[in-house]
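For the sequence shown, our numbering assigns the number 776 to the initial residue and increments by one for each residue that follows. The beta carbon of each residue, even a glycine, is placed where N, CA and C say it ideally should be. Keep in mind that this is a model prediction, so the values were computed, not measured.
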Amino acid sequence: MQIKFCIAPIDRSKMDIEVEQNEKENDEEQTINSSSGESSDSESDSTLPRTLTAPTKLDRHGFIVGHRLHDKVSSLPNPGYTTTIGKRRERKWLSMFVNWDSYIRRNPKQLRRRCRKGIPQAVRSLAWQHLCGAHKLHEQNPKLFDKLLESEEGSKWSNIIKRDIPRTFRHHTMFKEDKGLGAGQLYQVLLAFSAHVPTIGYNQALAPLAAVMLMHMPPDECFWVLVSVCRYYVPGYYGDKMEAMRLDGLIFERLLRKYLPYIYRHMKSYNIDPLMYIVEWFVCVFARCLPFQTVLRVWDVFFCEGVKVLFKVGLAILKLVFPSASSLSDKDDFQTTQILLDLPKDVTIDTILIPEVLKYNIEEREFQKFHQDVYRENPELSLSRYFSLNVKLDEQDEESD
């Protein structure tokens, strides 16, 4: 894996499960063992019953249909995506895994194109592990996860982790039971991580990250992906001082001034600091604020192209939410931040948001310069960051498969 070095919560309780509405969902949505539809969520839902009454309808990702971020539009089949196309893409990914290191050296642009199109669900787990290098860490340390579970290193975080797990994706079938299999696995991953990375220990933003990973892979593999993300992609996000997050807030403001100046002027006029909204977005890699299918598409690109993707997604969201200066003319500081912390459904569908994300070609030199400039002006902030690009890529879009 080529890793490139460089300088470098809101509790939402609005989610309702309405049985009568669920009964009327169209035939695209199926019952508990079905496979259609898509969705996502934020954190806890105190209104979700402990025991769900049957029949509970789930989308194809295992989320309960009917909660507030369920989006029937993105649940519909993509007319341009057939089973034949899907199987062909799966075979291409499987062939890449056979000679992974050689492939990414020889075909970095093709790898990026395939990630941007969306990784097939059947191979997403393997793809994420290969893109972030977790598969190699796992191979080098095959028994470490079990040893960490037996150690005492993470015990001081045990009660805090247990407290947060019931507030993590309660509307997903894997985590709906306090003492269910998913909750137990999530506890193991977070406990092992806290023992392995004592400089972080535990941070509540890690729970939704690990939960999304667990939806795709077993606990030991999830553990190593979480380690890789925190080590190579967003180091400094989860420490006590959150220095890297503060650094990225200043960088995001510079990007906003360059790419969306009318939004930048509005934010400055109301003294809206980017940290007022991007913390919720960035620390969980958008897992708590976008529909789940969109989250997966964002993560596909994030694992391939690194932390810069978070900034691109942030810019794309702002552009879609506030497409012109007139769209901000009647918004004060409270209204602006509330919209950004509870995003409109119509701009977060993956087929709308991802194309907008890919319009932003932020060159690596520019990104490095912003890091250097911000650090020079704020020397108290840590600069030990990675860009975490697994492959060296141009910023030219190519459409061939």
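Taking DSSP's pairing of strands, which residues face residue i in a bridge?
| i | result |
| --- | --- |
| F838 | H947 |
| L965 | DSSP, once it has assigned bridges, lists no residue as partnering L965. |
| L869 | The partner list for L869 (beta bridge, DSSP) is empty, contrary to what the question assumes. |
Given a threshold of 16 other Cβ atoms within 10 Å of its Cβ, counted over all protein chains shown, does residue i qualify as buried or as exposed?
| i | result |
| --- | --- |
| V840 | buried |
| A970 | buried |
| K931 | exposed |
| L1156 | buried |
| T858 | exposed |
| T974 | exposed |
| R1140 | exposed |
| Q1113 | exposed |
| K954 | exposed |
| P1066 | buried |
| S870 | exposed |
| E925 | exposed |
| K1043 | exposed |
| K922 | exposed |
| E1055 | buried |
| V1070 | buried |
| N978 | buried |
| F1190 | With the chain running from 776 to 1176 in the structure shown, residue 1190 is simply not present. |
| L886 | buried |
| A958 | buried |
| R881 | exposed |
| V873 | exposed |
| L1115 | buried |
| P1098 | exposed |
| A1100 | exposed |
| K832 | buried |
| L1177 | Past the boundaries of the shown model lies residue 1177; the chain is included only from 776 to 1176, so the question cannot be answered. |
| K1083 | buried |
| K1134 | exposed |
| R866 | exposed |
| E927 | exposed |
Within the same chain, show all residues whose beta-carbon is closer than 6 Å to that of residue i, passing over the 5 residues directly before and after it, in chain order.
| i | result |
| --- | --- |
| H947 | G837, F838 |
Tell me whether residue i sits in a helix, a strand or coil according to DSSP, three-state version.
| i | result |
| --- | --- |
| M1020 | helix |
| I1124 | coil |
| E1028 | helix |
| F1038 | Note on residue identity: the sequence assigns Ile, not Phe, to residue 1038. Here I1038 sits in helix by DSSP. |
| T859 | helix |
| K918 | coil |
| C1059 | coil |
| D995 | helix |
| T974 | coil |
| D876 | helix |
| I1047 | coil |
| S926 | coil |
| M988 | helix |
| D1117 | coil |
| G959 | helix |
| N1078 | Inspection of the sequence shows that residue 1078 is occupied by Phe rather than by Asn. Helix, per DSSP. |
| A890 | First, the residue type needs correcting, since residue 890 is Cys and not Ala in the sequence shown. Three-state DSSP puts C890 in a helix. |
| Q979 | coil |
| C1064 | coil |
| E1138 | coil |
| K1083 | helix |
| D953 | coil |
| F1145 | helix |
Short of 8 Å in beta carbon distance, which residues of its chain neighbour residue i, apart from the five on each side in sequence? Order them along the chain.
| i | result |
| --- | --- |
| A980 | P784, Y1012, Y1013, V1058, C1059 |
| R1118 | A quick correction: the sequence has Leu, not Arg, at residue 1118. Same-chain partners within the cutoff: C1064, L1065, I1092, V1096. |
| L1001 | V964, F968, L981, L984, A985, M988 |
| M990 | H836, G837, H947, M949 |
| S1104 | none |
Got a sec? Which residues, its chain only, sit under 7 Å from residue i by beta carbon, not counting five neighbours each side?
| i | result |
| --- | --- |
| S1003 | C907, G908, A909, L912 |
| G1024 | D1048, P1049, L1050, I1053 |
Can a CB atom of chain C be found closer than 7 Å to the CB of residue i?
| i | result |
| --- | --- |
| E1139 | Absent from the structure: chain C. Only one protein chain is present. |
- prompt: Does the stretch 1089-1097 touch the stretch 860-869, meaning 3 or more C-beta pairs lie closer than 8 Å?
  reply: no
Counting beta carbon pairs with one atom in the stretch 913-925 and one in the stretch 1004-1021, are three or more of them shorter than 8 Å? no
Specify whether the stretch 932-947 and the stretch 1020-1036 touch according to this definition: at least 3 beta carbon pairs, one from each stretch, less than 8 Å apart. no
Practice task
Please confirm if the stretch 980-998 is in contact with the stretch 893-910, defined as three or more CB-CB distances below 8 Å between the two stretches.
Solution key: yes
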